[in-house]
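Counted the way full-length UniProt numbering counts, the sequence shown spans residues 1 to 313.
For each residue, glycine too, the CB sits at the ideal point set by N, CA and C.
The structure presented is a predicted model; accordingly, all values stated were derived computationally and were not measured.
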Amino acid sequence: MKNLQKIFFISLITLFSVSCSKSPTPEPEALRDYTEQYTADKSTIETFLKTHKMTVDANFDVKFDKTTVPTESIWGAGTTHNANIKERIYTENSVNYTIYYIEFQQGTGTRPCNLDGVLAAYKGRLMDDVEVATGDLGTVFDSNNAPQSYLNLDQVIRGWSEIFPQFKTGTYTANADGTISYNNFGAGVMFVPSALAYYNNSTGSIPSYSTLIFSFKLYEIKRNDQDFDGVPSWREDLNNDNYIYYLDSGVSNIDDTDGDYIPNAYDIDDDNDRVQTKFEIKNPLNGQPYNFDAIPLCPSDNKKIHVSTACQN
1 MKNLQKIFFI
11 SLITLFSVSC
21 SKSPTPEPEA
31 LRDYTEQYTA
41 DKSTIETFLK
51 THKMTVDANF
61 DVKFDKTTVP
71 TESIWGAGTT
81 HNANIKERIY
91 TENSVNYTIY
101 YIEFQQGTGT
111 RPCNLDGVLA
121 AYKGRLMDDV
131 EVATGDLGTV
141 FDSNNAPQSY
151 LNLDQVIRGW
161 SEIFPQFKTG
171 TYTANADGTI
181 SYNNFGAGVM
191 FVPSALAYYN
201 NSTGSIPSYS
211 TLIFSFKLYE
221 IKRNDQDFDG
231 VPSWREDLNN
241 DNYIYYLDSG
251 VSNIDDTDGD
261 YIPNAYDIDD
271 DNDRVQTKFE
281 IKNPLNGQPY
291 NFDAIPLCPS
301 DNKKIHVSTA
311 CQN
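Have a look at this one:
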């Protein structure tokens, strides 16, 4: 009997200890309203531009510092940066987002489309005014000064895929020691609203709902083929604006030939004739794909055979 009482007493203590050690699971924060968050983000970005100055060295490396002199600020009318502030508008979740960016150098080479890969040096910062070096503010959460691999623009944040097509690559020289020197490349800085970055997700040292700064240098691009049909995706950008999007059903898409709401860059049958594009662009003499410029035209409408509804198989 005493043993049973002892066991019962120990059980009560154990149960009490376990119940006391449990802390309530915090409720996840509800997703913030996109319009309200963008209003706050835009204010944050514009305040930063009006209260900070920016120095850019000969290598297009950037530093930010506070200033109380309006004409010294990035936004200030007396600076060369103000004259170069540009805007890119992107609409999502019924919000027209403005991405402010500044062009240091356009580049002399080729623009990527928003589905290509980019070889780019970059530095990503928070707008938190933490001093990272003398006269340089903003926590650096990621950087790469010597990129070795391409980043696909359809797999990174929207801010990148919207801004990089505004710039061009440059030239490069192979050095005797095996290194490569890049010149005449596109370089700039972008100020990204949270919804076009990581929004409610916190990643690494980036808190949720963070507005971000990226300075960057575009060295080279890699042409991708999203649907593996043998036609590079940039060639399926039918209005040549360097942007290809999925649009809502019922919305006409200039980059969709057959009206099935799938952009050609993602559509394995561009003219909806039930013959895949990769077969339509093969040379019957050798079974190899034509080079894009050599793909035959349909006599009826003078369009390439894989996008012509007049020459369907």
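Practice item. Taking only the alpha-carbon atoms, compute the straight-line gap between ALA174 and PHE185 and give it to the nearest angstrom. Key: 15 Å
**Study point:** Three-way DSSP call (helix, strand, coil) for GLY186 in this model
**Key:** strand
Practice item. Provide the residue span of the beta strand (DSSP E) that contains PHE279, from first to last. Key: Segment 277 to 280 is the alpha helix (DSSP H) holding PHE279; no beta strand (DSSP E) there.
Check your understanding: What's the gap between the Cα of ALA187 and the Cα of LEU151?
Key -> 16 Å
Practice item. For THR91, write down the residues that DSSP places opposite it in a beta bridge. Key: ASN96
**Study point:** Touch test, the stretch 91 to 105 against the stretch 222 to 240, Cβ-Cβ under 8 Å, three pairs minimum
**Key:** no
Practice item. Please report the Cβ distance between THR51 and SER73, rounded to the nearest whole angstrom; I am assuming they are in contact, meaning their Cβ atoms lie under 8 Å. Key: 6 Å
**Study point:** Cutoff 7 Å; reference CYS311; Cβ partners in own chain excluding five residues on either side
**Key:** CYS298, SER300, ILE305
Check your understanding: Whose C-alpha, out of ILE102, TRP75, LEU31, is nearest the C-alpha of GLU87?
Key -> ILE102
Review point. Are there 16 or more other CB atoms within 10 angstroms of the CB of GLN155, so buried, or fewer, so exposed?
Key: exposed
**Study point:** GLY135, buried or exposed, once every other Cβ within 10 Å from all chains shown has been counted against 16
**Key:** exposed
**Study point:** Under the three-state DSSP convention, the category SER181 falls into
**Key:** strand
Point to revise | Inter-residue Cα distance where the pair is PHE141 and PHE279 | key: 46 Å
Review point. Which residue's Cα is closest to the Cα of TRP160: ASN145, ASP293, SER215?
Key: SER215
Check your understanding: Is it buried or exposed for THR108, if we count other Cβ within 10 angstroms and need 16 for buried?
Key -> exposed
**Study point:** Nearest-angstrom Cα separation, counted from ALA133 out to ARG223
**Key:** 37 Å
Exercise for review: Can you give me the Cβ contacts of THR98 inside the same chain, cut-off strictly under 8 Å, excluding the 5 residues immediately before and after it?
Suggested key: LYS42, GLU87, ARG88, ILE89, PRO193
Exercise for review: Ignoring anything shorter than 4 residues or poking outside the stretch 226 to 305, list the alpha helix (DSSP H) runs there in chain order.
Suggested key: 277 to 280
Practice item. May I ask which residues mark the beginning and end of the beta strand (DSSP E) holding ILE213? Key: 212 to 222
Review point. Between the stretch 201 to 212 and the stretch 107 to 122, are three or more C-beta pairs nearer than 8 Å?
Key: no
Review point. Taking the DSSP output, what are the residues bridged to THR195?
Key: The question names Thr, yet the displayed sequence has Ala at residue 195. Looking at the DSSP assignment, ALA195 forms no beta bridge with any residue, so it has no partner.
Review point. Near ASP270, which residues of its chain fall below 6 Å by C-beta distance, leaving aside the five closest residues on each side in sequence?
Key: THR257, ASN264, THR277, HIS306, VAL307
Practice item. Pull up the DSSP beta-bridge partners for VAL62, would you. Key: VAL56
Check your understanding: Can you check whether the CB of LEU137 is closer than 8 Å to the CB of TYR100?
Key -> no
Exercise for review: With DSSP as the reference, label ASP116 as helix, strand or coil.
Suggested key: coil
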